[in-house]
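**Q** Protein sequence lines correspond, in order, to chains A and B.
First residue of the first sequence: 506, per my numbering; consecutive thereafter.
First residue of the second sequence: 1063, per my numbering; consecutive thereafter.
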Amino acid sequence: MTKPGYVRSAIAPSLAGAPGGPTQPATVLQAEGITKAYRNRPRRTENLVLIGADLSIQAGEIVGLVGENGSGKSTLMKILVGSLEGDAGRVDMRGTFGYCPQDPLLYERLTPDEHFELFGEAYGLDRSTIYANRDNLYDVFNFERYRDMRVEELSGGTRAKLNLGLALLHDPDIILLDEPYAGFDWDTYLRFWNLAVERRDAGRAVLIISHFVVDEERFDRVIHLRDGKTV
Amino acid sequence: MKGMTRLTVGYLAEYARRPVNVALLVLVPLVFVMLASGSITDFASIVGGIEDPGQLAAPTAGWAAAFLAGVAGFFHVLGSRDTDRRLANAGMGAWKVTFARLVSGLGLALLASAAAIIALALRTGLDDPVRTIVGTVMTAVIYLGIGIAIGAVIRNEINGSLIVIFIWMLDVFLGPAMAGGTVALSRVFPSHFVTLYILNTPSSYAGPLGDLGWVLVWTVGALTLAALIFGAATATRRKVTKAPTPRRAARGRLKAGLRYGLRDNRRNVALWVLLVVLPVFFISLSFYITPDDPAPVELIIRGITQIKVLSMINVHGAIMVPITIAFLAGLTGMFVVQGSLEADARLALAGFRPREILASRLGVIALAGVLTTVVSLAVTAIDFVPQSWLWFAVGNGLVAATYGMVGVVIGALFGRVGGLYLMFLIPFVDVGIAQNIMFSAAPPGWGSVLPARGAVQVLIDGAFTPTFDRMGALLLAVGWLVVLTAVGAEIVRRIAEPKRA
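1. Below 8 angstroms on the Cβ atoms is my contact criterion, and I expect Asp1523/B with Trp1453/B to pass it. Report the Cβ-Cβ distance as a whole number of Å.
2. Kindly indicate which residue of Gly1473/B, Pro1264/B and Pro1506/B has the alpha-carbon position closest to the one of Val1554/B.
3. Sorted by chain position, which residues of the same chain lie with C-beta nearer than 6 angstroms to Ala1123/B's C-beta, five sequence neighbours on each side aside?
4. Can you tell me whether DSSP reads Val736/A as helix, strand or coil?
5. Name the DSSP beta bridge partners of Lys1370/B, please?
6. Mapping the DSSP letters down to three states, classify Gln1117/B as helix, strand or coil.
7. Pull up the distance between the alpha-carbon of Gly557/A and that of Leu682/A, whole angstroms please.
8. Applying a beta-carbon distance threshold of less than 7 angstroms, which residues of chain A neighbour Glu1404/B?
9. Look at the Cβ atom of Gly594/A, then the Cβ atom of Thr540/A, and state whether they are nearer than 7 angstroms.
10. At the 7 angstroms Cβ level, is Gly565/A part of the contact set with chain B, yes or no?
11. With a threshold of 7 angstroms between beta carbons, is Lys1158/B in contact with chain A?
12. On a Cα-Cα basis, can you pick out the residue from Phe1228/B, Ala1156/B, Ala1120/B and Ala1412/B that is closest to Val1335/B?
13. Can you give me the Cβ contacts of Ala1503/B inside the same chain, cut-off strictly under 6 angstroms, excluding the 5 residues immediately before and after it?
14. Starting from Phe1446/B, follow the beta strand (DSSP E) in both directions and report where the run begins and ends.
15. Rounded to a whole number of angstroms, what is the C-alpha to C-alpha distance between Thr1201/B and Asn1221/B?
16. Just the Cα atoms here: how many angstroms apart are Asp1146/B and Leu1460/B?
17. Closer than 7 angstroms, CB to CB, is Phe1137/B near chain A or not?
18. Please name the residue in Phe1476/B, Ile1557/B, Gly1516/B and Ala1535/B whose C-alpha comes closest to that of Pro1081/B.
19. With distances taken Cα to Cα, identify the nearest neighbour of Thr1070/B among Val1549/B, Ala1156/B and Ser1166/B.
20. Do Ala1462/B and Ile1351/B have their CB atoms nearer than 7 angstroms?
21. Tell me the rounded alpha-carbon separation between Arg1143/B and Leu1287/B.
22. Taking buried to mean at least 16 other C-beta atoms within 10 Å of its own C-beta, is Glu703/A buried or exposed?
23. Could you name the residues of the same chain whose beta carbon sits closer than 8 angstroms to that of Pro1308/B, not counting the 5 residues immediately before and after it, in chain order?
24. What is the rounded straight-line gap between the Cα of Ile1212/B and the Cα of Val1226/B?
25. Does DSSP put Val719/A in a helix, a strand or coil?
26. Measure from the alpha carbon of Ala1496/B to the alpha carbon of each residue in Gly1480/B, Gly1516/B and Leu1390/B, then state which is nearest.
27. Give a yes or no on whether 7 angstroms exceeds the smallest Cβ distance from Gly1413/B to chain A.
28. From Ile1427/B to Gly1466/B, what does the alpha carbon distance come to, in whole angstroms?
29. So, is Ala1214/B buried or exposed, given that buried needs 16 or more other C-beta atoms within 10 angstroms?
30. Taking just the CA atoms, how far does Gly1209/B sit from Gly661/A?
31. Is there a Cβ of chain B sitting closer than 7 angstroms to that of Val554/A, yes or no?
32. Between Ala627/A and chain B, is any beta-carbon pair separated by less than 7 angstroms?
33. What residues from chain B crowd round Phe621/A, counting only those whose CB sits closer than 8 angstroms?
34. Assuming contact is defined by CB atoms lying nearer than 7 angstroms, are Asp1273/B and Phe1255/B in contact in what I supplied?
35. Skipping 5 residues on each side, what residues in its chain have a beta carbon closer than 6 angstroms to that of Gly1135/B?
36. Beta carbon of Ala1412/B, beta carbon of Ala665/A: below 7 angstroms?
What follows is the structure, encoded as structure tokens:
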């Protein structure tokens, strides 16, 4: 169900290319006027989280989305990817996307190998691409030795690696990451940033949610979410 | 001390903030004691237990409170086990956390006991108020301890809740008020002595402790055991695991979804063990404990309705099959869908269609239903041969499918804890009472609006008549199944479907 005034489309031809000419990167994700309130019916309370938030991401940039706890960062991310319905607003997305949620949403009794195969089917990848990309992600994040262990047996850090790996498996045009490096050790954190820069240089757009930007210079742009709006 | 009080209040508030939990904690005893106690008395009388309804009414309050306290204790601990451990490691200390959990759990047990006693007072009055109240509260506390101990050890919610319920059923139905009055083994069951205490029927085997002494041993022992197990689990740090050395078609996704859905659930070995063990236990037991009394049953044979006098052993055995199947299929339906809800929603965002996810989940539920039905029929075959295996199997299969979908719907509407209470209550009321032909020749009229009516009539026809004369009942059962499947499918679709224009 889509509420009046709220539109979401996977491909928006109007965004393709920009009037500025070939040198100006294309906008791959644009959100306008996103509004969301959480209502508690028994107690008749309403928590207005987003009040007309706007967002625009171009291909080939790494953007940080920061804000205080409870500022609505994860809510905005969920609305962008379509796991939560906004009350109003519009989201236009051009190309494929990969989403890494804050809480790893995984199947407790499946192994990392089985997760990659399952999500590879979901992304429509052929078997050889799944295997090649999976092995590359194992290599980058150094968790191949856990490939046959069930998720319920994995440490929090390895779950986080798998969570991120599932978002990157199909090399998406837009990468949406909600606090992806929580639980990473320093080495993995650096490996993550190398990969993010590599994908950015290959023309992908990366949006990363964080409580605070510790390495501000790593981002091309930082968007602040304050009082329900992006500034 | 202040910190512990705050923590205890916090735990109670955490529970109370899901209003459905509190409502069911009160409603289930009301329904159990007020609605089911008549049938329980009939059942006890049939299986050789206490026949006086007035005498048997009092323990029903204890049983209801025990069931609720056990399940509440289990989920009270399970849902926040890691957080409790974190709190203990953060400086609160394991014993303080344990104490707060036990005290808040006692609050829940008291609430369940109060509701059960009020229901009993409204229905029959309290002949011996002190004995009934003390006995009911102690029964609830014993089961609270059992629930907490299981919740501290078993991580999986379906396995743990099934174990709690399994212990409860074994205890109640083999207890001194029911079939096990003369079974020596039943003396070691949790509520054996407290039931005797409530009934005011002294045993001759309590020894120097006396019956009340054993009740106190069980009550204090269960709480102490729960505290030790929960405390040890809370104090232990999380075990660090050591490391051992172009778009495909929808068919591909469907196959992958089903394959990995089955694999995910197949690895829950305890679930499959329970799906096999419970039918073996319940169905075999019903054949062995039932006296060979005459049981008049209304049947349709070659279009003519007639009353036939059958053996109560066969009637009880035959009706126990769908009761067991409904109970297990309902719980499986609920937990299979609820257990992977969030990961399924993510899979849908990645490209799976909601209908493909639905098909894979229904595949798992169907497989569990088939397994339960086949095991139940195989166990039945040891003691009883239906007149028509085909229609007996069809009726039971329809019960499995119907209750699998009831579980999906109830789980989506009430969540896991509320759903578990209801998935115990609904099959019990529907198949165990409203469709049961043990108490009178025909099931009660009000049962015709419940989901199992058609399917149970089909299987009763298959069990006791050589010809099939229940086409109307078959259509009714199929109708229920179609409607429930449609509702369940829509619920899963709504959960899994990305919110896109």
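All residues carry an ideal CB built from backbone N, CA and C; glycine is no exception.
All of these numbers come straight from a predicted model, not from anything done at the bench.
**A** The relevant details are as follows:
1. 6 angstroms
2. The candidate whose alpha carbon is nearest that of Val1554/B is Gly1473/B.
3. Val1095, Ala1178, Ile1179, Leu1182 and Thr1198
4. coil
5. Val1359/B
6. helix
7. Cα to Cα, the separation comes out at about 21 angstroms.
8. Neighbours of Glu1404/B in chain A, taken as residues at a C-beta separation under 7 angstroms, are given in chain order as Leu610.
9. In this structure, Gly594/A lies near Thr540/A, with their beta-carbon atoms less than 7 angstroms apart.
10. It does not: the Cβ of Gly565/A has no partner Cβ on chain B nearer than 7 angstroms.
11. no
12. Phe1228/B
13. Pro1358, Val1359, Glu1360 and Ile1369
14. No beta strand (DSSP E) contains Phe1446/B, which DSSP labels as neither H nor E.
15. 22 angstroms
16. Distance between the alpha carbons of Asp1146/B and Leu1460/B: 43 angstroms.
17. no
18. Phe1476/B
19. Ser1166/B
20. Ala1462/B places its beta carbon 7 angstroms or farther from that of Ile1351/B.
21. Here the C-alpha atom of Arg1143/B lies approximately 17 angstroms from the C-alpha atom of Leu1287/B.
22. exposed
23. Bear in mind that the predicted position of Pro1308/B carries a pLDDT of just 41, short of 50, making it unreliable; the figure below should be weighed with that in mind. Within the same chain, Pro1308/B has no close Cβ partners at all.
24. 8 angstroms
25. coil
26. Gly1516/B
27. yes
28. 6 angstroms
29. By the 10 Å Cβ count, Ala1214/B comes out buried.
30. Distance between the alpha carbons of Gly661/A and Gly1209/B is about 28 angstroms.
31. no
32. Yes, Ala627/A lies at the interface with chain B (some Cβ there is under 7 angstroms from its Cβ).
33. Correct list: empty, because the minimum Cβ distance to chain B is about 11 angstroms.
34. Contact: yes.
35. Gly1167, Leu1206, Gly1209 and Ile1210
36. no
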